[in-house]
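Student: Right, I'll just put the structure down here and ask away after.
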Amino acid sequence: MERLKYISLVAELRQIAVRRALALLDEKEDAEDVAGEVMIRLWERHENLRENTDEVKRLADTIAKNLSLDILRHRRRHPILRIFHRQGDEDEDTGNTPDIPDSFTPQHYVEDKEAGSIVQRAMSQLPYNWRRIVEMREQEDMNFAEIAQVLGTSESSCRGMMSKARQRLLQIISIMTR
20 MERLKYISLV AELRQIAVRR ALALLDEKED AEDVAGEVMI RLWERHENLR
70 ENTDEVKRLA DTIAKNLSLD ILRHRRRHPI LRIFHRQGDE DEDTGNTPDI
120 PDSFTPQHYV EDKEAGSIVQ RAMSQLPYNW RRIVEMREQE DMNFAEIAQV
170 LGTSESSCRG MMSKARQRLL QIISIMTR
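With our numbering as the guide, the letters of the sequence shown map in order to residues 20 to 197.
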């Protein structure tokens, strides 16, 4: 696809990506991230795209759907680690959680607080490097390449440590909640 034609479609493609991501994900920030990633991927291959704009729009929609599903799979695969994201949403000054959804009951709030406390105690029992990798990955949203650079190790080593840390966290949590 010609560069100028692609550029003329950018706003519409981004809107398609955001709309699809919002349909699948709850959070606007995640949808914006997905849309950004879609735009990057489309730009990287814009020269190989056909001139058919409908086809390019369908591709943007498909990429957004797949990226959104990847995020959902990640959340399902590691449900305990979702607590980090909820804790990060809390207002540090007041301790209140902003923008609480209507379906969020006081019981949910108490359960989240208790679960967060359990996770923090479990985290404190992990070896330092494991704990640091989990924090960088889940709280700071760093990718494995960035974590490897910070720790001065390889990306595959970070992935292995993250896997072991998650397994150990689940073991510790299961012992703590018996």
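Using N, Cα and C, we set each Cβ at its ideal position, and we do this for glycine too.
1) Among residues of its own chain, excluding the 5 on either side of L188, which ones have a beta-carbon nearer than 6 Å to its beta-carbon?
2) Under the rule that 16 or more other beta-carbon atoms within 10 Å means buried, what is M195, buried or exposed?
3) Hey, would you say Y25 sits closer than 9 Å to V57, going by beta carbons?
4) Would you please state the rounded distance, in angstroms, between the beta carbons of R156 and M181? I believe it to be under 8 Å.
5) Roughly how many angstroms lie between the CA atoms of S176 and L68, to the nearest whole one?
6) Classify D118: buried if its beta carbon has 16 or more other beta carbons within 10 angstroms, exposed otherwise.
7) Indicate the three-state DSSP secondary structure (helix, strand or coil) for L170 in the structure shown.
Tutor: Judging by the given coordinates:
1) A141
2) exposed
3) no
4) 6 Å
5) 37 Å
6) Confidence is the limiting factor: at D118 the pLDDT is only 47, short of 50, which leaves the residue's position unreliable, though a coordinate-based value still follows. So D118 counts as exposed.
7) helix
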